[in-house]
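Report on the following structure.
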Amino acid sequence: MTIHGTLIAIGGNEDKGIKKKTLHVQDTPHDFVTSGILYRVLTETNNPDAPIEVITTASSIPDKVGKDYVKAFRKLGHKKVKVMHVASPQEADDRKILDRIARAGCVMFSGGDQLQLTTVFRDTMFARLIHERYVNDHFIIAGTSAGAMAMSDLMIYPSLRKKGLTPEVRLFPGLCLVHDVIIDTHFLVRGRFRRLAVAVANNPTHIGIGLEEDTGVIIRNGNQLETIGSGLVTIIDGRSLQDANLTVAQEKHDIFIENMLVHVLIHGNNFTLRNKTFS
Numbered sequence: 358m359t360i361h362g363t364l365i366a367i368g369g370n371e372d373k374g375i376k377k378k379t380l381h382v383q384d385t386p387h388d389f390v391t392s393g394i395l396y397r398v399l400t401e402t403n404n405p406d407a408p409i410e411v412i413t414t415a416s417s418i419p420d421k422v423g424k425d426y427v428k429a430f431r432k433l434g435h436k437k438v439k440v441m442h443v444a445s446p447q448e449a450d451d452r453k454i455l456d457r458i459a460r461a462g463c464v465m466f467s468g469g470d471q472l473q474l475t476t477v478f479r480d481t482m483f484a485r486l487i488h489e490r491y492v493n494d495h496f497i498i499a500g501t502s503a504g505a506m507a508m509s510d511l512m513i514y515p516s517l518r519k520k521g522l523t524p525e526v527r528l529f530p531g532l533c534l535v536h537d538v539i540i541d542t543h544f545l546v547r548g549r550f551r552r553l554a555v556a557v558a559n560n561p562t563h564i565g566i567g568l569e570e571d572t573g574v575i576i577r578n579g580n581q582l583e584t585i586g587s588g589l590v591t592i593i594d595g596r597s598l599q600d601a602n603l604t605v606a607q608e609k610h611d612i613f614i615e616n617m618l619v620h621v622l623i624h625g626n627n628f629t630l631r632n633k634t635f636s
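All residue numbers for the sequence shown refer to this note's numbering, where the first residue is 358 and numbers rise by one.
Below, the structure written as structure tokens:
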């Protein structure tokens, strides 16, 4: 099946054209206006007349988050930017909300709480509509941080750390926009290699995609990844696993994993999910 839409999964803290201290070493310098991640969202959308709908459902500070994205996209020259904070499945299926999604050229899911996103949107007409548009139209679905993690069929959700124990790696159903992958974000800054490795070891049919901040992947046809942004993308491939201790899913034990394959990608590198090749 050919998919006509495009996914853009972002590791969080992407450049919004605001001067601030960089939180990670930039492996590839970028200019916000000509080559940044949000610029790539616009070039992939490629329609100045189509609205961008910023969806702040995951955020605990939706007003601020929405205003920041409106300013950023307008600074890049796109004037038709709207914000929606959908708080319930009933609101997601409101006809006015669905009409806005039907007219949009791009939706952008903000960061925050990924379980809030799936709780609100899974099994709704909203979710079916974005799936249909993603498959059939030139439609862009972007997501940052929690918005990226919720794109896949399996989604990491952190558990609380108990005293003296390593946090458990729990997986929940995501929005199923891309299959057989597990996406993690803020990957290097927050030391999340362990949890993505555990998730892949427990689900070796899935590819782990670890996204550094201000870094992302463009996913075309549900298969072809292009790395964008200033940091690193870590691909964890469990297809060659030879051994992993049976306590891999138990939080009170350390883990060992033998023969796990890891790729590290920078801006412009490509990776195909189905045959797991790097270029």
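Note that the Cβ used here is the ideal one computed from N, Cα and C, for glycine as well.
Values in this document were obtained by computation on a predicted structure and should not be read as measured data.
Span of the beta strand (DSSP E) holding residue i?
| i | result |
| --- | --- |
| Lys421 | Lys421 -> not in any beta strand (DSSP E); alpha helix (DSSP H) instead, spanning 419–432. |
| Met441 | 438–441 |
Using DSSP's beta-bridge definition, name the partner residues of residue i.
| i | result |
| --- | --- |
| Gly500 | Ala366, Phe466 |
| Val390 | In the DSSP output, where bridge partners are listed per residue, Val390 has none listed. |
| Gln581 | Arg577, Thr629 |
| Ile593 | Gly565, Val619 |
| Val538 | Ile564 |
| Gly586 | Thr572 |
| Leu528 | Ile513 |
| Ile412 | Met441, Phe466 |
| Phe635 | Phe628 |
Taking 7 Å as the threshold (C-beta atoms), are residue j and residue i in contact?
| i | j | result |
| --- | --- | --- |
| Phe466 | Gly500 | yes |
| Asn403 | Asp571 | no |
| Val477 | Thr542 | no |
| Gly484 | Ile513 | The sequence shown places Ala at residue 484, rather than the Gly named in the question. Contact: no. |
| Ser516 | Val535 | no |
| Asp594 | Ile564 | yes |
| Ala449 | Thr481 | yes |
| Val464 | Ile498 | yes |
| Ile360 | Gly579 | yes |
| Ile539 | Leu511 | yes |
| Phe637 | Ile592 | The displayed coordinates of the chain run from 358 to 636. Any statement about residue 637 would go beyond what the structure contains. |
| Met441 | Glu401 | no |
| Ala558 | Gly531 | no |
| Gly468 | Ala444 | no |
| Arg552 | Val574 | no |
| Leu399 | Leu433 | yes |
| Ile566 | Arg397 | no |
| Leu589 | Val619 | no |
| Asp383 | Ser597 | A quick correction: the sequence has Gln, not Asp, at residue 383. Not in contact: Gln383 and Ser597 (Cβ atoms no closer than 7 Å). |
| Arg631 | Thr363 | no |
| Gly462 | Ala407 | yes |
Within the continuous alpha helix (DSSP H) that includes residue i, where are the two ends?
| i | result |
| --- | --- |
| Phe550 | 550–559 |
| Asp480 | Taken as a continuous stretch (DSSP letters only), Asp480 belongs to no alpha helix (DSSP H), as it is neither H nor E. |
| Lys453 | 452–460 |
| Gln447 | 446–449 |
With a cut-off of 8 Å, do at least 3 Cβ pairs link the region 435–446 to the region 488–495? no
Tell me whether the region 445–459 and the region 420–428 touch, counting them as touching only if at least three CB pairs, one residue from each stretch, are closer than 8 Å. no
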